[in-house]
RNA sequence: ACUGGUGUGCCCAAAUUGGUAAAGGGACUUGACUUAAAAUCAAGGAUUUGUGGGUUCGAAUCCCACCACCAGUACCA
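Laid out in structure tokens, this is it:
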């Protein structure tokens, strides 16, 4: 990184002095305080509030928060009553892991981390209304999280169940399905084991959660992820009789029309019928298979590359379509928790069934021909005939036949499971629940809230499914109004609980009687713009929608959906440089290196010699960029460059504090917005920030001369050059449009064009002020300082947003492009609004064009105000 | 494997409805200023939009195929 000789700049643009000064001013004057004001249109801009981890703010936070801040500031100036709050999602694993690691109490580390985050956030000049700050670990806050839990419980949406859960021994807790991939990626083990757990019935809202996605202004990719997660499928449940048994075997299939091809059945190993139907000679094999698969983790069971396994139960089912007896197997590729936990297998149509049939040498009956027409799919005796039909009609006919013959019915299934809602950790909301001596759960009344989290010095996970709160002996005991003794629930709620409704608490953070005043809720909701990372697609964003819908059904909120418009900022990546070496320590070109996955992790090897290669990370200060390639400063060899997610282990993180110190918050804000489109992933480039910093210095020099006085070129009544005036109005128009569409990079580039043009010219005060207004949402500190230096009262951020004069942005002369056979031949300045004939005439008469019109003109294409193309 | 996204000078990128591709920033080169460097100012080059085909008077933009990278999902019957 280039080192700035600070002394030089400080004389001119002293961001280190300016920025804290205005941050203090805004805070002390409550500049961004917002209250319900029905005379103005409201605008609710929300960030995904952070987990205040020990690592502090990173540049990814800065990106999203700057974007919302720009919108908030712009909307305020444009006449909106803006809600822009910030708070802390401070319960949960990251904070607690840190506390466990350092041995400090989570309450202390959380307080320290929050203070640090807040300081960092404030040093960015973000326009939050700090009167509305919330913290999910505050008892005044989690009291209402518990209250919402009670409402869910009352509606029957919270229940205790003994279910196979994702137990993570490393973290000492169970995890929700949605959380598993992330933790596994971090290297934690996750096992399946049955445990008694609190569940929330999110499945009851599956259809609504799916349907209502359509009306949301969200990125299509994110909606698609939620749709996939909900995983709606239509099909049928079918009953198969079991030979020599009264009980029926019910399966779920999306293709009831393939039933004639069903040549065997597979049950999940845990299916309750397995014990009943297994014949004595198969018992041993079945039991041992059941045991084997119960030990396997979910990951092992779903390992795709693995060969199919299973075993025969000895029992036979009867295919209702054709009366055939088909064997019943068990196999762990069938999941108990989906559908009925049993399937009919059609090896001709289904890849997985086919593979299984191959492995165990089971029958494969063809049911469609090469043209996808049904064959072998009719039974004249019972009137079930599919041959000759198309797929759609086949499915409909099959369902019809099944329903008429009482052996099945149409059925819709969802992949989404109920939300596993308890954690065996200390740092979370306690459940407002107690157990009587029979072990029955009983919800506490609303008056007994909050159930406080007890102070404990030993809050570490026990390493067993027993939660840490079980060690809080005094707290555990609860005496009911009936005088009986109860024991408290020792599990706590998961991280996601608090973030399910924080956007509502912001609207009325100090309310002691309600989680939120309905009047305030009605005024502010829904959230008009919500910006955050895409990693929350199927976690926070689906949980919060679920709670919101429950609250809507209870009449507690006025909208069906919480977040009308959602936008994902792209991740900011960091460059990593790698060097490959062979056994002898010789450098190998990265072009010859390949990667493969082994049990021990990823291994690099030489693509020809196959020998294993050592990989060295090279620190950024040791590399030299040249012509798009990267070389090692000393070794003088070419390195591999990649833009990767920033992480400590890769050493490619950027600390925003350092950037703020060296270049200022305005530069950091501007750079992150200028890097590229907000939604795109983009690598951090050290030299890039110098460009925007230079731009801000240029702005400064436009106003202030070298002695620190107001520049003489700014005159109250200077007459603006016509072209300058036009550019100014074009800039107002473009910046306004770009901010509306979150295209900050192009807005900044337009401002650069304007500032370059204004340099060295005489400008009037109005023009100077307009420029500052346009800049102020993006780089608020410098705009504020210059606004004051112009002799104005603070603040520029409270001024009215400039409007462009439509008459001034219209060009009265246009550049006419003349093409011959599609090739560019001339560009001519002509008056705007000429007719097609006039344009053609002018084009024909041009000398340069004439020389190319050597053949007969067959056709002339004229686009008014744009171009003329002669086709020969 | 499937789904979604991306691919434009050395790098990050811009390009209303198809209409001069490369605005803006960085890097680089040169000049001015300077004892010198930095900073500042001024000037400058490159090119056919991942590859191949198609539609069109005209394609970065629309269609087809392929390649590369990124993200998500992963036996959900």
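In my numbering, the protein residues as written are 209 to 1080. Think of the CB as a built atom: it goes at the ideal place given N, C-alpha and C, for glycine as much as any other residue.
Sheet register partners of residue i (DSSP bridge)
i            : result
residue 402  : 372
residue 291  : 252
residue 850  : 784
residue 896  : Paired residue(s): none; residue 896 is not in a bridge.
residue 407  : 367 and 628
residue 526  : 449 and 533
residue 553  : 472
residue 801  : 814
residue 458  : 447
residue 296  : 343
residue 757  : Paired residue(s): none; residue 757 is not in a bridge.
residue 638  : 700
residue 922  : 971
residue 1076 : 1026 and 1070
Local conformation of residue i per DSSP, three classes
i            : result
residue 779  : coil
residue 532  : coil
residue 833  : strand
residue 441  : strand
residue 361  : helix
residue 602  : helix
residue 1033 : strand
residue 695  : strand
residue 1067 : strand
residue 1010 : coil
residue 739  : strand
residue 890  : strand
residue 211  : In this prediction, residue 211 has a pLDDT of 33, which is less than 50 and means its spatial position is unreliable; nothing more can be read from the coordinates.
residue 266  : coil
Nearest to residue i (by Cα), restricted to the options the options
i            : options               : result
residue 584  : 846, 623, 358 and 595 : 595
residue 329  : 923, 977, 877 and 650 : 877
residue 482  : 471, 467, 518 and 470 : 518
residue 1084 : 336, 384 and 229      : In the structure displayed, the chain extends from 209 to 1080; residue 1084 sits before or after that span and is not available.
residue 530  : 496, 591 and 1025     : 591
residue 554  : 562, 612 and 652      : 562
residue 625  : 633, 546 and 615      : 546
residue 634  : 1047, 305 and 262     : 305
residue 959  : 831, 896, 950 and 900 : 900
residue 824  : 424, 817, 833 and 795 : 795
residue 994  : 976, 576, 831 and 654 : 976
residue 301  : 1049, 703 and 416     : 703
residue 577  : 538, 469 and 485      : 469
Cβ-based neighbour list, residue i, same chain, cut-off 6 Å, excluding 5 preceding and 5 following
i           : result
residue 551 : 459, 474 and 542
residue 532 : none
residue 322 : 260 and 296
residue 609 : 592
Residue i and residue j closer than 8 Å at C-beta
i           : j           : result
residue 979 : residue 279 : no
residue 294 : residue 341 : yes
residue 523 : residue 467 : no
residue 260 : residue 303 : yes
residue 750 : residue 622 : no
residue 989 : residue 316 : no
residue 826 : residue 858 : no
residue 922 : residue 973 : yes
residue 676 : residue 670 : yes
residue 630 : residue 406 : yes
residue 478 : residue 544 : yes
residue 373 : residue 382 : yes
Own chain residues within Cβ distance below 8 Å of residue i, not counting five before or after
i           : result
residue 693 : 645, 685, 686 and 687
residue 268 : 741, 777, 779, 780 and 854
Neighbourhood of residue i by C-beta, 7 Å cutoff - its chain only, sequence neighbours within 5 removed
i            : result
residue 350  : 344, 637, 658 and 706
residue 1056 : 1033 and 1034
residue 1040 : 1019, 1020, 1021, 1022 and 1073
residue 339  : 241
residue 934  : 1016 and 1017
residue 651  : 358, 361, 640 and 641
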